[in-house]
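Q:
In the numbering used here, the protein residues as written are 47 to 427.
Below you can see the structure in the form of C-alpha cells.
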C-alpha cells in the first residue's frame with residue numbers, strides 16, 4: 047500500500063494524538079504521498095493559526111506583511127504576521143451631512159509569518175466518475191496482449207486520437223472475481239473486444255477494467271431469445287481460432303430439458319487428490335469413437351451388478367455370480383501356467399461336436415461312486 051505520514055509541529059497539547067486520515071492517496075508513489083501529507087498537515091496548521099481582526103491601514107492587501115507592536119494577549123512585541131484576506135470598507139456621507147465626512151476601515155485574516163502557507167489541494171485533481179466503454183488493444187497479430195500482472199491495454203471510446211495503439215496506451219488492471227497470490231480466477235479480455243472501464247476512487251491515473259460488454263459486432267455466446275435459458279462460458283482457441291474452435295461449460299435451465307454441458311476442444315484432464323464419488327440415478331454411456339479405454343488401479347477394480355461381480359486385483363481375477371455363461375463365436379483357448387482345478391457342485395455336462403483330443407504327459411485318475419464303463423484311450427504310436 048502507498049502511505050505518506052507527517053507529524054504536526056503545533057505547540058498545542060494533544061495535537062500530535064489527533065490523527066487525520068485522507069483517503070485515497072491518489073498516487074502510487076510513496077514519495078508523492080509523503081509530500082502531500084506534509085502539505086496537508088501544514089495547511090491544517092496554518093488554518094488553525096488564522097486570526098481575524100480589523101484596522102485602518104488602507105495599504106493592507108493579501109500577501110503583505112505587518113508587524114504587531116505588542117500582542118495584547120501574549121504581551122510579545124514585534125510579531126510578524128502575513129495577510130491572507132483583507133476586506134476594505136469606505137464610506138462618504140458628505141452629501142448627507144453637507145460636510146466633508148468620510149470614513150475607512152478594514153477587516154482582515156492573518157497568520158504568523160513564520161508559518162508556511164499551504165492551500166488545500168485535495169480537490170485539484172479531476173474526478174473520473176462513472177463507467178466508460180473501451181476497446182482492448184494489442185500488437186499486430188496478437189489476440190491476447192497482457193503483462194505479467196495480467197494487465198491489458200485499452201483505448202477509451204472518447205479518445206479521438208486515431209493513432210492510439212498498444213504502444214501508446216497505459217497498462218490497465220482487470221477486475222477478477224477472486225484474486226490471490228498465484229491463486230484465484232483469471233480471465234484476460236481478448237484484443238478487439240469491448241470492455242467497461244472505471245477508475246479507482248475516480249482517479250484518472252488508476253483505471254480498471256470491470257467487465258466486458260457485447261455489441262452489434264461481438265454477439266452473445268448463446269443466441270437470444272432462442273437460447274436465453276442458457277448461461278455459461280465459451281472460449282475461443284488462439285491463435286486464429288474459428289467458430290468451431292472452442293471449449294465450453296454451459297447450463298441450460300429450460301424446464302424439463304435441464305442440461306449441464308461440458309465440451310473440451312482437445313484434451314480433458316481431471317485430477318482428484320483423494321476420493322471421487324459419482325452417482326448416476328439412471329443410465330451412463332461411455333464411448334471411445336476412435337481410440338481405446340484404459341482403467342487402471344493400484345489395489346483393485348470391482349465391477350458389480352446386483353449379486354454378480356468381477357474383482358480384479360494385482361494377483362487374481364474373481365468372477366462371482368448366480369450363473370455364468372461364456373460363449374465364443376469361434377475358437378476358445380484356456381491356458382494355465384500351473385495347476386488348474388475345476389470343482390462342480392452338481393452335474394457336469396460336456397457336449398463335443400467333433401473329436402476330443404486329450405494329451406496327458408502323466409496319469410489320468412477318475413474317481414466316481416458309480417462305474418459305468420471304461421474309456422478306451424488309444425495307444426500312442
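Even glycine gets a Cβ: it sits at the ideal position worked out from N, Cα and C.
#1: Can you tell which of 263, 387, 284 and 386 has the C-alpha that lies nearest to the C-alpha of residue 190?
#2: Could you pull out every unbroken beta strand (DSSP E) segment of at least 3 residues lying fully inside the region 67 to 152, listed in chain order?
#3: Grouping DSSP H, G and I as helix and E and B as strand, with all else coil, what is residue 199?
#4: Select from 114, 306 and 49 the residue whose C-alpha is nearest the C-alpha of residue 84.
#5: Contact check, residue 258 vs residue 235 under 8 Å by CB: the rounded distance?
#6: Could you pull the start and end residues of the beta strand (DSSP E) that residue 298 belongs to?
#7: Distance, Cα to Cα, residue 213 vs residue 164?
#8: Determine the burial state of residue 276: buried for a count of at least 16 other Cβ atoms within 10 Å of its Cβ, exposed for fewer.
#9: Have a look at residue 72 and residue 132 and give me their C-alpha separation to the nearest angstrom.
#10: Considering only C-alpha positions, which residue in the set 354, 378 and 359 is nearest to residue 368?
#11: What is the rounded straight-line gap between the Cα of residue 97 and the Cα of residue 184?
#12: By Cβ distance below 8 Å, which residues in the same chain neighbour residue 113 in space, the five residues on each side in sequence not counted?
#13: What three-state label does DSSP hand residue 408 in the structure shown?
#14: For the beta strand (DSSP E) that residue 219 lies in, which residues bound it at each end?
#15: Can you grab the Cα-Cα spacing for the pair residue 150 / residue 115, in whole Å?
#16: For residue 188 versus residue 241, is the C-beta distance shorter than 8 Å?
#17: If you draw a straight line from the C-alpha of residue 251 to the C-alpha of residue 245, how long is it?
#18: Classify residue 152: buried if its beta carbon has 16 or more other beta carbons within 10 angstroms, exposed otherwise.
#19: Could you have a look at residue 63 and say whether DSSP puts it in helix, strand or coil?
#20: Can you check which of these residues, 341, 397 and 365, is closest to residue 351 by C-alpha distance?
#21: Please confirm whether residue 243 and residue 198 have their CB atoms less than 8 Å apart.
#22: Might you give, ordered along the chain, the residues of its own chain that have their beta carbon closer than 7 Å to the beta carbon of residue 108, omitting 5 neighbours on each side?
#23: Exposed or buried, which one is residue 174 when buried takes at least 16 other CB atoms within 10 Å?
#24: Quick check: the Cα distance between residue 318 and residue 344, rounded to an integer number of angstroms?
#25: Rounded to the nearest angstrom, what separates residue 64 and residue 159 at their Cα positions?
#26: In the structure shown, what three-state DSSP assignment does residue 301 receive?
#27: With respect to the beta strand (DSSP E) encompassing residue 366, which residues constitute its N-terminal and C-terminal limits?
#28: For residue 211, I'd like the list of residues in its chain whose CB is within less than 7 Å of its CB, leaving aside the five on either flank, ordered along the chain.
#29: Looking only at its chain, what residues have a beta carbon closer than 8 Å to the beta carbon of residue 233, apart from the 5 residues adjacent to it on each side?
#30: Should residue 161 and residue 91 be called a contact, given that it needs their Cβ atoms to be closer than 8 Å?
A: For this structure:
#1: Checked all of 263, 387, 284 and 386; the closest Cα to residue 190 is 284.
#2: Fully enclosed beta strand (DSSP E) runs of 3 or longer: 97 to 101, 111 to 116 and 123 to 138.
#3: The DSSP-derived three-state label of residue 199 is strand.
#4: When only C-alpha atoms are compared, the closest one is 49.
#5: Separation of the CB atoms of residue 258 and residue 235 is rounded to 6 Å, and the pair is thereby assigned contact status at 8 Å.
#6: From DSSP, the beta strand (DSSP E) with residue 298 extends over 294 to 298.
#7: When rounded, the distance between both Cα atoms is 39 Å.
#8: Burial check for residue 276: the Cβ neighbour count within 10 Å reaches 16 or more, so the residue is buried.
#9: A direct Cα-Cα distance of roughly 34 Å separates residue 72 from residue 132.
#10: Among 354, 378 and 359, the Cα nearest to that of residue 368 is on 354.
#11: Taking the straight line joining both Cα atoms gives about 59 Å.
#12: Once the five neighbours on either side are set aside, the close Cβ partners of residue 113 are 124, 125, 126 and 127.
#13: Looking at residue 408 - three-state DSSP - the assignment turns out to be coil, as it is neither helix nor strand.
#14: From DSSP, the beta strand (DSSP E) with residue 219 extends over 217 to 220.
#15: A direct Cα-Cα distance of roughly 22 Å separates residue 150 from residue 115.
#16: No, they are not a contact pair.
#17: Straight-line measurement puts the Cα of residue 245 at about 8 Å from the Cα of residue 251.
#18: Per the 10 Å Cβ criterion, buried.
#19: In the structure shown, residue 63 sits in a helix (DSSP, three-state: H, G or I).
#20: When only C-alpha atoms are compared, the closest one is 365.
#21: Result no, Cβ atoms of residue 243 and residue 198 do not sit closer than 8 Å.
#22: Same-chain partners within the cutoff: 129, 130, 131 and 132.
#23: Buried is the call here.
#24: Distance between the alpha carbons of residue 318 and residue 344 is about 15 Å.
#25: Distance between the alpha carbons of residue 64 and residue 159: 25 Å.
#26: Residue 301: coil per DSSP, three-state reduction.
#27: Segment 363 to 366, the beta strand (DSSP E) holding residue 366.
#28: Excluding positions up to five away in sequence, the list reads 183.
#29: For residue 233, same chain residues with a beta-carbon under 8 Å away, outside a window of 5 residues either side, are 220 and 222 in chain order.
#30: Yes. Within cutoff.
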